[in-house]
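Engineer: Chains as they are written, first to last, in numbering that gives the first Met the number 0: chain A, 0 to 389; chain B, 0 to 197; chain C, 0 to 190. Please find one structure pasted underneath; my questions will follow.
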Amino acid sequence: MSQAETKIDKPEGWNRPAAIVPDGEGEMLEISMGPHHPSTHGVFRMDVTLDGERVVRLKPVLGYMHRNHEKIAEGISYLASMPYTDRLDYMCSLTNNWAYALAVEKLIGQEVPERAEYLRVILGELTRFQNHASSIGFLIQEMGASGTPLMYAFREREKILDLFEELTGARMMVNYMRFGGCRVDASPAWLDKARKVVADLPRFVDEFERLLCSNEILMARTQGVGVLRPELAINAGVTGPMLRASGVNYDVRKVDGYGIYNRFDFRVPLGDHWDVYDRFMVRLLEMRESLKILEVALKEIPGGPVMDPKARIRGLRPKPGEAYGRIESPKGELGFYLISDSGPNPYRYRVRPPSLINLTILEDMCLGHDVADVVLIFGSVDIILGEVDR
Amino acid sequence: MLGEGILKGLAETARNFFGSYFCAERMTTVEYPEQRIAPFEAARTFPFLVYDGADWQAGLRCVSCQICEKECPPKCIFIEKSKDKKPDALGKPQFYPVRFEIDISVCMSCQICVEVCPFEAIKMNTKFELSTEDRFGGLLLNREQLAKSNQYYHQIHATEAAEVDARLAAEKAKFDAKAKGADVAKAASDAAATGEGA
Amino acid sequence: MKTIEEIKSAIEAALPDAAVEIVPNPSPSGQHSLRIQPGHAVAVAKFLRDDAEFKLDYLSNVTGVDWPDYLEAVYHLYSVEKKHGPVILRMRTVNRTDQVELPSFTPIWRSAEFQEREIFDLFGIVFTGHPDLRRLLMWDGFKDHPMRRDYVEPDDFDYEPTAHDEVLRRAQEHKSREQGTGIRDQGPTTA
């Protein structure tokens with residue numbers, strides 16, 4: 000292990016982070032944070048080199064949850080890949096389904112009926128809400144709050160998961176979207192229940208804000224920690240709330256306008272100071288924007304079929320070609336790239352994982368901070384290992 | 000004042016804590032297994048085979064078409080088709096499965112087999128307390144363990160079972176009407192043939 | 000956003016000796032791609048990132064594909080500043096066995112760092128100019144490249160107790176081999 004790491008300037012050299020020169024007294028300590036670690040959001044390892052308490056080097060080690068999902072998909076049909084996409088980002092299985100369905104619909108040129116689009120938006124925004132609530136809960140938990148904000152977030156998440164179970168049959172692994180719409184229709188009773196749940200949620204967000212936002216411990220630990228400059232964020236391919244907390248106005252829902260998102264009027268919160276506190280606040284504000292979209296969508300949902308009658312469910316054999324379809328998942332830009340060779344299975348099936356690509360600049364953000372801040376910075380990236388490793 | 004934010008947060012926590020004695024919404028713990036929440040109607044755990052009537056072998060709806068075996072993503076269904084045929088609910092002779100096994104340690108409850116079955120023969124069960132002592136053979140359910148009656152299906156998924164029954168009854172009515180029409184036509188042509196012959 | 004022909008002519012106008020060809024996409028998605036040569040790839044990439052018309056500053060996705068005669072890397076580029084895209088680039092290696100180098104785009108777009116490592120790990124394309132090219136998802140001592148179409152799994156097969164048919168046969172063969180030789184992990188099977 001080398002002692003003297005020279006300082007490297009970095010105007011053009013995006014490929015090397017600026018390393019820290021240690022004080023020179025004593026040795027450096029190499030520790031391995033993970034893979035058995037309560038705060039690493041899964042089985043994830045970081046080899047951290049410390050000078051006292053300061054981080055000098057940080058190398059992420061991945062692959063503990065690699066299940067070779069992309070190769071499995073090359074051996075099974077397009078429909079049979081849908082339940083496997085649930086298990087990528089297992090907290091937000093509905094948005095994974097949506098991204099895959101969008102990619103296949105682009106590949107075959109399939110239209111989606113309007114009621115199905117509204118249902119997709121409703122379920123997508125419910126997923127975003129419960130993901131951001133849990134993510135904030137876990138971040139505060141890692142700060143040492145012993146579970147109180149996490150359990151409040153999970154209390155609301157239970158209501159949303161109950162809605163999912165009533166509609167799709169499963170709480171987490173829903174397998175609900177199909178190429179050309181949704182699998183089952185939502186009954187009027189379900190829509191009423193959803194309206195009631197959504198009417199109660201703003202009160203919870205207020206409670207969450209009162210509990211957390213002016214908490215001095217939270218502010219002292221997160222403000223000024225893990226600063227990510229906007230130009231580095233764009234160049235490193237960071238997307239999602241992390242990019243918007245660095246002040247960059249890029250939300251795939253507004254840029255691409257996939258589905259029917261251009262009918263809804265919602266704002267995109269941006270951060271000013273680019274630190275962990277901004278990422279936490281951006282997620283909180285996005286929860287409020289999701290509720291706005293939900294109220295409008297639940298009011299305006301039209302009648303009609305939820306599945307295009309000409310759509311094929313099984314035995315799909317697309318013509319040769321390729322397509323890249325992307326959505327704004329709660330973690331970032333989730334994209335599926337499919338190459339078809341007119342067989343029943345895809346020739347190449349690629350998942351563009353937002354969590355893995357957001358981890359590219361983890362080392363940059365953590366250098367110079369204390370080792371206790373590494374956990375916070377890592378928690379603010381909001382990754383999930385099912386997506387990082389696939 | 001330093002600490003004001005923390006005190007406000009503690010006030011929230013206190014409101015939740017004392018409120019849980021009065022407001023049912025804040026007391027969210029359900030003490031399983033003494034208290035149980037009724038499962039939702041659409042809930043699903045593992046598949047089962049439906050049979051009509053009292054005898055599970057005679058009334059099994061599955062005709063061993065093996066579509067569910069082909070479409071199952073983790074390939075947890077194993078079917079062996081019979082060599083002979085037996086009559087089904089409509090009276091037509093159909094194949095039946097000699098072996099129909101589902102490995103529920105592999106099954107991921109995706110419900111694609113239910114979606115693609117053309118004969119309404121396989122549906123999703125809702126039981127989840129399925130632990131066994133035999134870690135290997137105990138999780139491989141064979142034909143007999145999978146077969147459950149149509150009354151059981153009505154118990155667990157009432158509206159879905161009613162819809163399925165209505166669909167099957169409509170099919171049977173159409174089949175009967177066509178058969179009766181064919182019988183009438185056959186009788187007429189026979190009479191015409193004998194009338195001519197005589 | 001320009002059409003694919005206009006993008007091709009813009010690149011050729013700025014870099015006259017860069018050989019760019021259009022790879023059409025017959026599917027309804029209409030996402031055609033441009034194939035560039037490895038020799039000029041870095042110049043083309045810098046042009047696309049810095050030129051005022053394009054400003055493609057965000058590399059979204061790097062994919063490796065295994066074709067029968069060569070390996071390929073596909074890049075999806077978007078612009079955060081101008082909010083347009085995608086521009087899809089492709090680069091092909093010479094063959095699949097010994098000439099598998101391609102230039103790395105990590106010095107230009109940092110987001111390629113982990114994605115190129117993953118392609119090196121799973122397909123075997125060596126990216127020259129990458130600052131830290133080692134395996135990402137598999138462990139460091141792993142041999143072979145799992146995502147290739149001709150990958151054969153090693154015979155370190157765990158006995159699957161409720162196995163049937165093909166899976167049971169393989170498990171039984173493995174067990175008899177293991178009991179015969181006493182070695183648990185064997186090389187690739189011939190079965």
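C-beta: ideal position from N, C-alpha, C; glycine also. This structure is a prediction, so every number in the text was calculated from the model and none was measured.
Could you run through the region 59-72 of chain A and flag, in chain order, every residue whose CB is less than 9 Å away from some CB of chain B?
Structural biologist: Within the region 59-72 of chain A, the qualifying residues are ILE71.
Engineer: Among residues of its own chain, excluding the 5 on either side of MET26 (chain B), which ones have a beta-carbon nearer than 7 Å to its beta-carbon?
Structural biologist: SER19, listed in sequence order.
Engineer: What's the gap between the Cα of PRO343 (chain A) and the Cα of PHE17 (chain B)?
Structural biologist: The straight-line gap from Cα to Cα measures roughly 59 Å.
Engineer: Ignoring anything shorter than 4 residues, give me the alpha helix (DSSP H) runs that lie fully in the region 213-247 of chain A, in order along the chain.
Structural biologist: DSSP runs (the alpha helix (DSSP H)) wholly in the region 213-247 of chain A: 215-221, 229-234, 240-244.
Engineer: With 7 Å as the threshold, decide whether the Cβ of PRO187 (chain A) is near any Cβ in chain F.
Structural biologist: Chain labels in this structure do not include chain F; the protein chains are A, B and C.
Engineer: Sort out for me which residues DSSP pairs CYS181 (chain A) with in a bridge.
Structural biologist: According to DSSP, CYS181 (chain A) bridges with A:MET176.
Engineer: If you drop the 5 nearest sequence neighbours on each side, which residues of the same chain put their C-beta closer than 8 Å to that of PRO10 (chain A)?
Structural biologist: Because PRO10 (chain A) sits at a pLDDT of 38, beneath the cut-off of 50, its placement in the model cannot be relied upon, and the point is left open.
Engineer: Would DSSP call THR92 (chain B) helix, strand or coil?
Structural biologist: Note that residue 92 (chain B) is Pro in the sequence shown here, rather than Thr. Reduced to three states, the DSSP call for PRO92 (chain B) is strand.
Engineer: Got a sec? Which residues, its chain only, sit under 7 Å from LEU135 (chain C) by beta carbon, not counting five neighbours each side?
Structural biologist: For LEU135 (chain C), where only same-chain residues beyond five positions count, the Cβ hits under 7 Å are PHE113, ARG116, GLU117, ASP120.
Engineer: Give the straight-line distance between the Cα atoms of THR188 (chain C) and ASP16 (chain C), rounded to the nearest whole angstrom.
Structural biologist: Caution is warranted here: a pLDDT of 48 is assigned to THR188 (chain C), below 50, making its placement in the model unreliable, and the coordinate value is therefore given only provisionally. Roughly 49 Å between the two C-alpha positions.
Engineer: Where does GLY81 (chain A) sit, in a helix, a strand or coil, going by DSSP?
Structural biologist: Checking the displayed sequence, the identity of residue 81 (chain A) turns out to be Met instead of Gly. Three-state result, MET81 (chain A): helix.
Engineer: What in chain B is Cβ-close to GLU164 (chain A), meaning under 8 Å?
Structural biologist: Per Cβ cutoff of 8 Å: PHE39, ALA41, ALA42.
Engineer: The alpha helix (DSSP H) with GLU201 (chain B) in it runs from where to where?
Structural biologist: Because chain B here runs from 0 to 197, residue 201 (chain B) falls outside it and cannot be looked at.
Engineer: Could you give the distance in angstroms between the alpha-carbon of VAL115 (chain B) and the alpha-carbon of ARG313 (chain A)?
Structural biologist: Between VAL115 (chain B) and ARG313 (chain A), the C-alpha separation is close to 8 Å.
Engineer: Buried or exposed: where does GLY378 (chain A) fall if 16 or more other Cβ atoms within 10 Å of its Cβ makes it buried?
Structural biologist: Answer is buried; the Cβ neighbour count reaches 16.
Engineer: Please go through the same chain and pick out, in chain order, the residues whose beta-carbon is closer than 8 Å to the beta-carbon of GLN109 (chain A), but skip the five residues on each side of it.
Structural biologist: If we look at GLN109 (chain A) and ignore the five residues flanking it on each side, its Cβ neighbours are VAL103, PHE178, GLY179, ASP307, ALA310.
Engineer: Alpha carbon to alpha carbon, what distance is there between LEU59 (chain B) and VAL49 (chain B)?
Structural biologist: Roughly 6 Å separates the two Cα atoms.
Engineer: Buried or exposed: which applies to MET90 (chain A), given that a residue is buried once 16 or more other Cβ atoms fall within 10 Å of its Cβ?
Structural biologist: So MET90 (chain A) counts as buried.
Engineer: For the region 1-32 of chain C, which residues have a CB atom closer than 7 Å to at least one CB atom of chain A, in sequence order?
Structural biologist: Listed in sequence order: ASN24, PRO25, SER26, PRO27, SER28, GLN30.
Engineer: Chain C beta carbons: is any one of them nearer than 7 Å to that of LEU383 (chain A)?
Structural biologist: Checking the sequence, you will find Ile at residue 383 (chain A) rather than Leu. No, ILE383 (chain A) does not count as interfacial toward chain C.
Engineer: Any beta-carbon of chain B closer than 7 Å to the one on PRO229 (chain A)?
Structural biologist: It does not; no Cβ of chain B falls within 7 Å.
Engineer: Would you say the region 0-16 of chain B touches the region 269-279 of chain A, given that touching needs at least three Cβ pairs under 8 Å?
Structural biologist: No, because fewer than three Cβ pairs between the region 0-16 of chain B and the region 269-279 of chain A fall closer than 8 Å, the two stretches do not touch.
Engineer: Return the chain-ordered ranges of every beta strand (DSSP E) run that is complete within the region 27-76 of chain A and spans a minimum of 3 residues.
Structural biologist: Entirely contained in the region 27-76 of chain A, the beta strand (DSSP E) runs reaching 3 residues are, in chain order, 28-32, 44-50, 53-60.
Engineer: Beta carbon of PRO329 (chain A), beta carbon of ARG127 (chain A): below 7 Å?
Structural biologist: Yes; because the gap between Cβ atoms is below 7 Å, this pair is in contact.
Engineer: VAL163 (chain B) versus chain A: which residues are under 9 Å apart at the beta carbon?
Structural biologist: Neighbours of VAL163 (chain B) on chain A: none; closest Cβ ~14 Å, over 9 Å.
Engineer: For GLU79 (chain B), which residues in the same chain have their Cβ closer than 7 Å to its Cβ, ignoring the five residues on either side in sequence?
Structural biologist: For GLU79 (chain B), where only same-chain residues beyond five positions count, the Cβ hits under 7 Å are PRO96, VAL97, ARG98.
Engineer: Give the range of the beta strand (DSSP E) segment to which MET123 (chain B) is assigned.
Structural biologist: 121-123 is the extent of the beta strand (DSSP E) around MET123 (chain B).
Engineer: Listed in chain order, which residues of the region 44-77 of chain C have Cβ atoms closer than 7 Å to some Cβ of chain A?
Structural biologist: Those residues of the region 44-77 of chain C that come within reach of chain A (Cβ to Cβ, closer than 7 Å) are ASP56, TYR57, LEU58, SER59, ASN60, THR62, VAL64, HIS75.
Engineer: Around the Cβ of PHE141 (chain C), are there at least 16 other Cβ atoms within 10 angstroms (buried) or fewer (exposed)?
Structural biologist: When all chains shown are included, PHE141 (chain C) counts as exposed.
Engineer: So, are the CB atoms of PRO72 (chain B) and LYS84 (chain B) less than 7 Å apart?
Structural biologist: No, Cβ-Cβ distance for PRO72 (chain B) and LYS84 (chain B) is not below 7 Å.
Engineer: In the DSSP assignment, find the unbroken alpha helix (DSSP H) run with GLU4 (chain C) in it and report its ends.
Structural biologist: It spans 3-13 - the alpha helix (DSSP H) in which GLU4 (chain C) sits, taken as one unbroken run.
Engineer: Go through its chain and collect everything with a Cβ distance to LEU171 (chain B)'s Cβ below 8 Å, but skip five positions before and after it.
Structural biologist: Here residue 171 (chain B) is Lys; the residue named in the question, Leu, does not match the sequence. Contacts found: ALA88, LEU89.
Engineer: For GLU71 (chain C), which three-state DSSP category applies?
Structural biologist: Correct three-state label for GLU71 (chain C): strand.
Engineer: Per DSSP, what kind of secondary structure is ASN60 (chain C) in: helix, strand or coil?
Structural biologist: Strand at ASN60 (chain C).
Engineer: Going by the CB atoms, is the gap between ILE360 (chain A) and ALA185 (chain A) shorter than 7 Å?
Structural biologist: No, these two residues do not count as a Cβ contact at 7 Å.
Engineer: State yes or no: is the beta carbon of PRO82 (chain A) nearer than 7 Å to at least one beta carbon in chain B?
Structural biologist: Yes, PRO82 (chain A) counts as interfacial toward chain B.
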